[in-house]
Amino acid sequence: DAKTTQPNSMESNEEEPVHLPCNHSTISGTDYIHWYRQLPSQGPEYVIHGLTSNVNNRMASLAIAEDRKSSTLILHRATLRDAAVYYCIPPLTGNQFYFGTGTSLTVIP
Amino acid sequence: SQTIHQWPATLVQPVGSPLSLECTVEGTSNPNLYWYRQAAGRGLQLLFYSIGIDQISSEVPQNLSASRPQDRQFILSSKKLLLSDSGFYLCAWSVRRDVYEQYFGPGTRLTVT
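Order-wise, the sequence lines are chains A and B.
Count along the first sequence starting at 1, add 795, and that's the number in the working numbering.
Count along the second sequence starting at 1, add 969, and that's the number in the working numbering.
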């Protein structure tokens, strides 16, 4: 099964961009890369996913390395409401996937 | 629009007591349903998932069980709680053809004393 590696924690100043890295060196060629985030005392929420090209949506951008062994979730302007744990989800076969411990993002006002 | 409900929001139970947590989904049919647990300071652990009524897979051996008596109802149970069962329990659903985009409920915080 593919695995992911993320830093345990990161800090960012408010209004500045944040780049959250994830290594997934064992990912297969057809596996999507998914990101979720979990605000304090809430369930996780879907953020974005991609396969090969960079992806943008209203919440974030996802930059995927050309060799697909890593990706970076980009928050263009961090706000205090973006303080959360961000999970880079390893793909699995079947109907389920697993959340690790993610990256805890602190946004400094 | 789709909505997922979980109750209760918080629960304090003594060791050895039974447990029943309920999750219901509105606004969708034939969803995949999931139960996760998050222990303090740890990642989410998938406990059970279901692709249909009475079709449930268990991911980890434990004293918990799950049932799906109706299409949009998922119940997590235990006959005798252990201290290690404390945690944040989350129910989630996904569209059958897109299991990677899951929608989570508000969670139940269980403390076993």
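Quick reminder that beta carbons are idealized off the backbone N, C-alpha and C, glycines included.
Requested in this report: For B:Gly-1076, return the contacting residues in chain A, with the cut-off set at a CB-CB distance below 9 Å.
Outcome: The answer, in chain order, is Ser-836, Gln-837 and Gly-838.
**Report entry** Any chain A beta carbon closer than 8 Å to B:Gly-1012
**Finding:** Among the CB atoms of chain A, one or more fall inside 8 Å of the CB of B:Gly-1012.
Report task. Note down, in chain order, each residue of its chain lying with its Cβ closer than 7 Å to the Cβ of B:Val-981, except the 5 sequence neighbours on either side. Result -> So the list reads Thr-1080 and Thr-1082, once near-sequence residues are dropped.
Query raised in the report: Counting pairs of Cβ atoms below 8 Å between the stretch 1033-1046 of chain B and the stretch 867-882 of chain A, do you hit three or more?
Result: By the C-beta criterion, the stretch 1033-1046 of chain B is judged not to be in contact with the stretch 867-882 of chain A, since fewer than 3 inter-stretch pairs fall below 8 Å.
Requested in this report: Check whether the Cβ of B:Trp-1071 lies closer than 8 Å to any Cβ atom in chain A.
Outcome: What sits at residue 1071 of chain B in the sequence shown is Gln, not Trp. Closer than 8 Å to some Cβ of chain A, the Cβ of B:Gln-1071 qualifies, so yes.
Query raised in the report: Do you know offhand how far B:Gln-1024's Cα is from B:Arg-1037's?
Result: Across the structure, B:Gln-1024 and B:Arg-1037 are spaced so that their CA atoms are roughly 8 Å apart.
**Report entry** Residue-level contact to chain B via CB, A:Tyr-881, 8 Å cutoff
**Finding:** No Cβ of chain B is located within less than 8 Å of the beta carbon of A:Tyr-881.
Requested in this report: Anything in chain B within Cβ reach of A:His-844, meaning under 9 Å, just list it in chain order.
Outcome: In chain order: Tyr-1069 and Glu-1070.
**Report entry** Coarse secondary structure for B:Arg-1006, derived from DSSP in three states
**Finding:** Taken through DSSP and simplified to helix, strand or coil, B:Arg-1006 comes out as strand.
Query raised in the report: What does B:Leu-1059 touch in chain A if you count any residue whose Cβ is under 8 Å from its own?
Result: Chain A residues near B:Leu-1059: Gly-838 and Pro-839.
Query raised in the report: If you run the structure through DSSP and keep just helix, strand and coil, what is B:Ser-1055?
Result: In this structure, B:Ser-1055 counts as coil in the three-state DSSP scheme.
Query - A:His-844 - containing beta strand (DSSP E), residue span - result: That run of the beta strand (DSSP E) goes 840-845.
Query raised in the report: Where does B:Arg-1011 sit, in a helix, a strand or coil, going by DSSP?
Result: Here B:Arg-1011 sits in coil by DSSP.
Query raised in the report: For A:Leu-875, does the three-state DSSP call read helix, strand or coil?
Result: Secondary structure of A:Leu-875 (DSSP, three-state): helix.
Query raised in the report: Do we get a CB-CB distance below 8 Å when we pair A:Thr-898 with the residues of chain B?
Result: It does not: the Cβ of A:Thr-898 has no partner Cβ on chain B nearer than 8 Å.
Query raised in the report: Per DSSP, A:Thr-800 is paired with what?
Result: Per DSSP, A:Asn-818.
Query raised in the report: Which residues in chain B sit within 8 Å of A:His-819, going by Cβ to Cβ distance?
Result: Correct list: empty, because the minimum Cβ distance to chain B is about 14 Å.
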